[in-house]
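**Q**
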Amino acid sequence: MVKIGNIELPDYPLLLAPMEDVSDPPFRRLCKLHGADLMYSEFISSEGLIRDAMKSRKKLDIFDYERPVGIQIFGGDEEAMALSAKIVETVEPDLVDINFGCPVKKVVCKGAGAGVLKDIDLMVRLTKAVVKSTHLPVTVKTRLGWDDDSINIDEVAERLQDVGVQALTIHARTRAQMYKGHSDWTHIERVKNNPRITMPIFGNGDIDSPQKALEYKNRFGLDGIMIGRAAIGYPWIFNEIKHYFETGELLAAPTIKDRVEAARNHLTWSMEWKGERVGIVEMRRHYTNYFKGIHGFKEYRQKLVTQDDGAILFKVFEEIEEAYADYQMT
Ligand SMILES: Cc1cc2nc3c(=O)[nH]c(=O)nc-3n(C[C@H](O)[C@H](O)[C@H](O)COP(=O)(O)O)c2cc1C
76 MVKIGNIELP DYPLLLAPME DVSDPPFRRL CKLHGADLMY SEFISSEGLI
126 RDAMKSRKKL DIFDYERPVG IQIFGGDEEA MALSAKIVET VEPDLVDINF
176 GCPVKKVVCK GAGAGVLKDI DLMVRLTKAV VKSTHLPVTV KTRLGWDDDS
226 INIDEVAERL QDVGVQALTI HARTRAQMYK GHSDWTHIER VKNNPRITMP
276 IFGNGDIDSP QKALEYKNRF GLDGIMIGRA AIGYPWIFNE IKHYFETGEL
326 LAAPTIKDRV EAARNHLTWS MEWKGERVGI VEMRRHYTNY FKGIHGFKEY
376 RQKLVTQDDG AILFKVFEEI EEAYADYQMT
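Letter 232 of the sequence shown, counting from 1, is numbered 307 in this note's numbering, and no numbers are missing.
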């Protein structure tokens, strides 16, 4: 068992990564259904929360069936981070996560996200401010360092643990790498093997198959893994990995019927949570992933991403099920 504060997770838990415009309640519901053990909201601006910006507030929505669930915040100002942790507390998530990993310029420029990898003292002050202002467990997600010449995750991990952080997820890239190149998990392994480190350490970066998950589990000996991009349009990844861990065998790929069902649920829940129009429009980015690699699918994809009437979209799903009733996924 892995523990974060009072939260009990199974051995080697599988975490759903926080992803902006992706890890919202409808998507999280699907991932939960398919085996995610701990999930996070997308990152929420501390400044936005304090200003009471509608967009930031909406991201605080969580539902009991998705527990345990964490809310992720970011920002470069101690007071704003402390205040926003208090706001987060009011919706009673299971934990608060701080984002010290976002590489995007507009975030980094404000001394937030991966920006603080250049200033560990600031990172520690921001974390302390959050830990002091909430009774919830505080976790952190970060990267290896700013660039190849300044990898500082060893010091970061020790200092964050010293100020009360209860789990650390490390995306095995530097800020300079953005999402390119390969993620180097040997740095995470070193942190995990540091005898001073007692908090759970989760690895993140490029896990996209059950085989790779098992290989990394055996090779790096961490406390669990976090999965991001591979879950987009493919929430089955969590149970596929679990099944492979348990049996050494691969589950059959989801059928077209399974994919349609997932996309239909995703659309339904998006429309419920976001309102019909926004739900339909924001769902468009997901269809390519749900129906990736399906022969002759272009015509249906075109309909899915252009229709703005929910009833017609549900009819398109039926057409897809009929047209591909005998289709074999490879
Ligand atoms: C579309 C997208 C949005 C992301 N948004 C966030 C975010 O809000 N907070 C965060 O900590 N990381 C964010 N990330 C980074 C992911 O959480 C994760 O660290 C990264 O994708 C590497 O993991 P993967 O290879 O499993 O995708 C985002 C990544 C993607 C692709």
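For every residue, glycine included, the Cβ atom is placed at its ideal position computed from N, Cα and C.
Would DSSP call residue 121 helix, strand or coil?
**A** Three-state DSSP puts residue 121 in a helix.
**Q** Taking the runs of the beta strand (DSSP E) that are 3 residues or longer, which of them lie wholly in the stretch 356 to 392?
**A** Whole beta strand (DSSP E) segments, 3+ residues: zero.
**Q** Residue 348: which of 273, 202, 104 and 327 sits nearest, CA to CA?
**A** For residue 348, the nearest C-alpha among the options comes from 104.
**Q** For ligand 1, is there any heavy atom lying closer than 6 Å to the beta carbon of residue 278?
**A** Incorrect: residue 278 has no Cβ contact closer than 6 Å to ligand 1.
**Q** What residues come near ligand 1, if near means a beta carbon less than 6 Å from any of its heavy atoms?
**A** Residues flagged by the Cβ proximity filter: 92, 93, 94, 95, 97, 117, 118, 147, 174, 176, 177, 216, 246, 279, 280, 281, 282, 302, 303, 304 and 305.
**Q** Would you decide whether residue 301 is buried or exposed? Buried here means 16 or more other CB atoms lie within 10 Å of its CB.
**A** By the neighbour-count rule (16 or more Cβ atoms within 10 Å), residue 301 is buried.
**Q** Evaluate residue 111 with the Cβ neighbour count: other Cβ atoms within 10 Å of its Cβ, from every protein chain shown; 16 or more gives buried, anything less gives exposed.
**A** That one is buried.
**Q** What is the residue span of the alpha helix (DSSP H) that residue 461 lies within?
**A** Since the first and last residues shown for the chain are 76 and 405, residue 461 lies out of range.
**Q** Go ahead and label residue 366 buried or exposed: buried means 16 or more other beta carbons lie within 10 angstroms of its beta carbon, across all protein chains shown.
**A** Answer is buried; the Cβ neighbour count reaches 16.
**Q** Leaving aside the five residues before and after residue 177 along the sequence, list all residues of the same chain whose C-beta is less than 8 Å from its C-beta, in chain order.
**A** Only 118, 149, 183, 187, 188 and 189 meet the Cβ criterion.
**Q** Can you look up residue 186 in the DSSP assignment and give me helix, strand or coil?
**A** Residue state, collapsed to three classes: coil.
**Q** Using DSSP bridges, identify the partner residues of residue 268.
**A** DSSP lists no partner for residue 268.
**Q** Cα separation between residue 79 and residue 400?
**A** C-alpha separation (whole angstroms): 45 Å.
**Q** Using a Cβ-Cβ cutoff of less than 6 Å, which residues in the same chain neighbour residue 251 once the five nearest sequence positions on both sides are dropped?
**A** So the list reads 222, once near-sequence residues are dropped.
**Q** Span of the beta strand (DSSP E) holding residue 301?
**A** Unbroken beta strand (DSSP E) run through residue 301: 299 to 302.
**Q** Helix, strand or coil for residue 242 per DSSP?
**A** Residue 242 falls in the strand class under three-state DSSP.
**Q** In whole angstroms, what is the alpha-carbon distance linking residue 102 and residue 382?
**A** Near 21 Å, if we compare the C-alpha coordinates of residue 382 and residue 102.
**Q** When the distance is taken between beta carbons, is residue 157 closer than 7 Å to residue 92?
**A** No, they are not a contact pair.
**Q** By a C-beta neighbour count over all protein chains shown, 10 Å radius and 16 as the cutoff for buried, is residue 332 buried or exposed?
**A** By the neighbour-count rule (16 or more Cβ atoms within 10 Å), residue 332 is not buried but exposed.
**Q** Would DSSP call residue 140 helix, strand or coil?
**A** Reduced to three states, the DSSP call for residue 140 is helix.
**Q** For residue 231, report the span of its alpha helix (DSSP H) as first-last.
**A** Here the alpha helix (DSSP H) through residue 231 covers 228 to 237.
**Q** Out of 259, 249 and 267, state which residue places its alpha-carbon closest to the alpha-carbon of residue 243.
**A** Checked all of 259, 249 and 267; the closest Cα to residue 243 is 267.
**Q** Straight-line CA distance for residue 96 to residue 128?
**A** Approximately 16 Å between the Cα atoms of the pair.
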